[in-house]
Amino acid sequence: QRSIRSFANDDRHVMVKHSTIYPSPEELEAVQNMVSTVECALKHVSDWMDEKNKSTKSEGDVEAKEEAAESNAKDQGGRTLCGVMRIGLVAKGLLIKDDMDLELVLMCKEKPTKTLLCIVKDNLPAQIQKLTEEKYLVEEHVNEAAIIIRNTKEPKLTLKVILTSPLIRDEAEKKEGVDNVAMKDPPDLLDRQKCLEALASLRHAKWFQARANGLKSCVIVLRILRDLCNRVPTWAPLKGWPLELICEKSIGTCNRPLGAGEALRRVMECLASGILLPGGPGLHDPCEREPTDALSYMTVQQKEAITHSAQHALRLSAFGQIYKVLEMDPLPSNKSFQKYSWSVADKEGTGSSALKRPFEDSVGDEKDPNKKMKRNLRKILDSKAIDLMNALMRLNQIRPGLQYKLLSQSGPVHAPVFTMSVDVDGTTYEASGPSKKTAKLHVAVKVLQAMGYPTGFDADVECVSSDEKSDTEGKNETVSSISSNNTGNSTADTSATLEVRTQGPILTASGKNPVMELNEKRRGLKYELISETGGSHDKRFVMEVEVDGQKFRGAGPNKKVAKASAALAALEKLFSGPNAANNKKKKILPQTKGVVNTAVSAAVRAVRGRGQGALTRGAFVGAAAATGYITPGYGAPYGYSTAAPAYGLPKRMVLLPVMKFPTYPVPHYSFF
Numbered sequence: 001q002r003s004i005r006s007f008a009n010d011d012r013h014v015m016v017k018h019s020t021i022y023p024s025p026e027e028l029e030a031v032q033n034m035v036s037t038v039e040c041a042l043k044h045v046s047d048w049m050d051e052k053n054k055s056t057k058s059e060g061d062v063e064a065k066e067e068a069a070e071s072n073a074k075d076q077g078g079r080t081l082c083g084v085m086r087i088g089l090v091a092k093g094l095l096i097k098d099d100m101d102l103e104l105v106l107m108c109k110e111k112p113t114k115t116l117l118c119i120v121k122d123n124l125p126a127q128i129q130k131l132t133e134e135k136y137l138v139e140e141h142v143n144e145a146a147i148i149i150r151n152t153k154e155p156k157l158t159l160k161v162i163l164t165s166p167l168i169r170d171e172a173e174k175k176e177g178v179d180n181v182a183m184k185d186p187p188d189l190l191d192r193q194k195c196l197e198a199l200a201s202l203r204h205a206k207w208f209q210a211r212a213n214g215l216k217s218c219v220i221v222l223r224i225l226r227d228l229c230n231r232v233p234t235w236a237p238l239k240g241w242p243l244e245l246i247c248e249k250s251i252g253t254c255n256r257p258l259g260a261g262e263a264l265r266r267v268m269e270c271l272a273s274g275i276l277l278p279g280g281p282g283l284h285d286p287c288e289r290e291p292t293d294a295l296s297y298m299t300v301q302q303k304e305a306i307t308h309s310a311q312h313a314l315r316l317s318a319f320g321q322i323y324k325v326l327e328m329d330p331l332p333s334n335k336s337f338q339k340y341s342w343s344v345a346d347k348e349g350t351g352s353s354a355l356k357r358p359f360e361d362s363v364g365d366e367k368d369p370n371k372k373m374k375r376n377l378r379k380i381l382d383s384k385a386i387d388l389m390n391a392l393m394r395l396n397q398i399r400p401g402l403q404y405k406l407l408s409q410s411g412p413v414h415a416p417v418f419t420m421s422v423d424v425d426g427t428t429y430e431a432s433g434p435s436k437k438t439a440k441l442h443v444a445v446k447v448l449q450a451m452g453y454p455t456g457f458d459a460d461v462e463c464v465s466s467d468e469k470s471d472t473e474g475k476n477e478t479v480s481s482i483s484s485n486n487t488g489n490s491t492a493d494t495s496a497t498l499e500v501r502t503q504g505p506i507l508t509a510s511g512k513n514p515v516m517e518l519n520e521k522r523r524g525l526k527y528e529l530i531s532e533t534g535g536s537h538d539k540r541f542v543m544e545v546e547v548d549g550q551k552f553r554g555a556g557p558n559k560k561v562a563k564a565s566a567a568l569a570a571l572e573k574l575f576s577g578p579n580a581a582n583n584k585k586k587k588i589l590p591q592t593k594g595v596v597n598t599a600v601s602a603a604v605r606a607v608r609g610r611g612q613g614a615l616t617r618g619a620f621v622g623a624a625a626a627t628g629y630i631t632p633g634y635g636a637p638y639g640y641s642t643a644a645p646a647y648g649l650p651k652r653m654v655l656l657p658v659m660k661f662p663t664y665p666v667p668h669y670s671f672f
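Numbering-wise (the UniProt record's numbering), the sequence shown opens with residue 1 and increments by one.
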């Protein structure tokens, strides 16, 4: 996984690129004025047409006119022009510079005809003049089933008003009576396909406002990709509705908000995975009643070219060269290298003496390995809260000649635990650590704390959370310190969630991993993820495990530490103190070789009633999947586990392995 710094660098480049393609305030104001003016003018055209229709009706019956006027005032469904709606880039907020196509849909009560189009076109300029002094050019395009409106001022804008009606889609979906429908249609009916596309655009706009507008960084990424489609001919076929579907699915399937750089990378990963290629899942159109592939119009060559380009862009982003994908200059680093200022005389060369840089502050020289190592060492020392040897050296200065003794060494070979002790004024202090040196340091810290000397180490243990030390969270998470005097007061019961904030691996008193030791006592436990909070650089996981009907929780900067904390809480509650004797697990008889010996040992174990101990390690091993690595139903392998509860079974019951049937894997990106 990439570091947070690289994602922040991608965010900076994406946002700078977005600022260059986003329309200026003057352009946005011109768009708003033009769209609002045309919408209001079309409303006046609708009123004018209704008044004209009323005047052509029976003029002798006054009461009929009054009733018709009341019905029209109450119900707008009788109007010839039902309403006007925004579609396309205006409705979705995806306008960018040099790509500002404005579209409106004029909904009609009946099927739109060429005659109706001409009537609206002839009356629209007069209604526009009543609203504004600006001049607009109004043209009719029968082939497009639309009216084109252009302004005469800068910036140059073009607005398309498409006529359509819901009746066209309803009759197009009917399978019977095709001949009758054709007879009822007027002879000058506008292009049916253009009207259907306008209705689909209206559904797309409503879907986008409901699903994509609320996603963080989705609109920004769409503007960036629309600019990419305009610049690179390879991406041009993907422009429009398919691109919006891919971005919504890619960003919406993440369980947390994404920054602009990470969201763009996620979309590129989706395209690079090959979803466009033949045999892939396709791209489901959610705005159609029948299953429809939104990519059906693209050729195989176009799909392969886009996939290849996305893979190349993903490689560039992985190596910190996203500026090449965006076609922009790389941004300078946030660090300011210009630390010194020279006078004007020095710059012109008239000064008598030039200022020299101190040797220790030479930042720009990256070729000298010694300087680079010193600078990195200085950064490491500055980032550390304390020097690990300070406590040991300070104690040696106060009480010289102390003898440290090695009491015990436990734990596995790859993670040993050393326990050291020291005798000061008749009091013995003990502490543990992953090495003798660390254990001696912990002992020195305890002695200094007992003597009342400030060490700075205890403040770090209690105040500095493990989130702020994410660089070493895999190596130094917790430490198990055992004191002969303060054992009872070492744990706090103020919270039900156990969270260890010291340094070193989480180990039990016997020097084992808590999850391993708890698994030896209670097999088949399932750890569940309760919550996940924080950003990408500040994670906090809470895991829960149920043991003998009791639930225990643990928290940590990753799932591994949280599981260990939960297991440690269960061990301290159930298997320490007075509860240790009741909950202690009996030993399992070793498995013997041979048919007779195996049968005899199995019979003995069944008669003696050892609960889960009756199962031997064979082909069916009960091992639950670890939470956070492989979960059932998402590409998990076939899992086997015993049909036994966590608290054991009654005596004299033979346990048989039960096979769990796996569920079908769900792909990360679901488009159908």
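We put the beta carbon where it would ideally sit given N, CA and C, even for glycine.
Computed from a predicted structure; not experimentally measured.
Option nearest residue i by Cα separation, candidates the options
| i | options | result |
| --- | --- | --- |
| T533 | N558, G320, D170 | N558 |
| R12 | A313, K194, I220 | I220 |
| T20 | K97, A305, G535 | K97 |
| N9 | D47, S317, P434 | S317 |
| C108 | R79, L124, V90, E133 | R79 |
| K521 | D548, M268, R540 | D548 |
| S404 | S410, E269, D423, F418 | For the record, residue 404 in the displayed sequence is Tyr; it is not Ser. Checking every option, the nearest Cα to that of Y404 belongs to D423. |
| P400 | Q409, A444, I224, P412 | A444 |
| K539 | G556, Y527, F552, S250 | G556 |
| W48 | S333, I162, I119 | I119 |
| V38 | P25, S55, R86, E51 | R86 |
| V267 | L225, K194, W241, D293 | L225 |
| L529 | A562, L137, L507, G83 | A562 |
Endpoints, the beta strand (DSSP E) within which residue i is located
| i | result |
| --- | --- |
| F541 | 540 to 547 |
| M85 | 81 to 87 |
| residue 718 | The shown model of the chain, from 1 to 672, leaves out residue 718, and the question about it has no answer. |
| A431 | 427 to 433 |
Beta-bridge pairing of residue i - partner residues as DSSP gives them
| i | result |
| --- | --- |
| Y527 | V545 |
| R150 | L137, T158 |
| A555 | V542 |
| residue 673 | Residue coverage of the chain in this structure runs from 1 to 672, which leaves residue 673 outside it and unanswerable. |
| T533 | R540 |
| L189 | T113 |
| I96 | D99 |
| D284 | As written in the sequence, residue 284 is His, which differs from the Asp given in the question. D293, per the DSSP bridge assignment. |
| Q397 | None; Q397 has no bridge partner. |
Supposed close pair residue i, residue j - CB separation, criterion 8 angstroms
| i | j | result |
| --- | --- | --- |
| T307 | A272 | 7 angstroms |
| I148 | K160 | 6 angstroms |
| L525 | V545 | 5 angstroms |
| K446 | Y429 | 5 angstroms |
| V35 | L131 | With 8 angstroms as the limit, V35 and L131 do not qualify as a contact, their Cβ atoms being about 12 angstroms apart. |
| A146 | S217 | In fact, because the Cβ distance is near 33 angstroms, the residues do not count as touching under 8 angstroms. |
| L326 | K17 | 4 angstroms |
| L222 | C247 | 5 angstroms |
| L163 | L117 | 6 angstroms |
| A566 | Y527 | 7 angstroms |
| C287 | A200 | 7 angstroms |
| S510 | S410 | 6 angstroms |
Start-to-end residues for the alpha helix (DSSP H) that takes in residue i
| i | result |
| --- | --- |
| M420 | No alpha helix (DSSP H) holds M420; the beta strand (DSSP E) holding it covers 417 to 424. |
| H308 | 300 to 318 |
| Y404 | Looking at the DSSP string, Y404 is not in any alpha helix (DSSP H); the run it does join, the beta strand (DSSP E), is 404 to 410. |
| P25 | 25 to 55 |
| L238 | Here L238 belongs to no alpha helix (DSSP H), and DSSP marks it neither H nor E. |
| D227 | 218 to 231 |
| residue 723 | It is not possible to answer for residue 723, since the shown part of the chain is limited to 1 through 672. |
| L326 | 322 to 326 |
| R211 | 192 to 211 |
| P514 | 514 to 521 |
| A260 | 260 to 272 |
- Would you list, in sequence order, the uninterrupted beta strand (DSSP E) runs of no fewer than 3 residues that lie entirely inside the stretch 104 to 128? none
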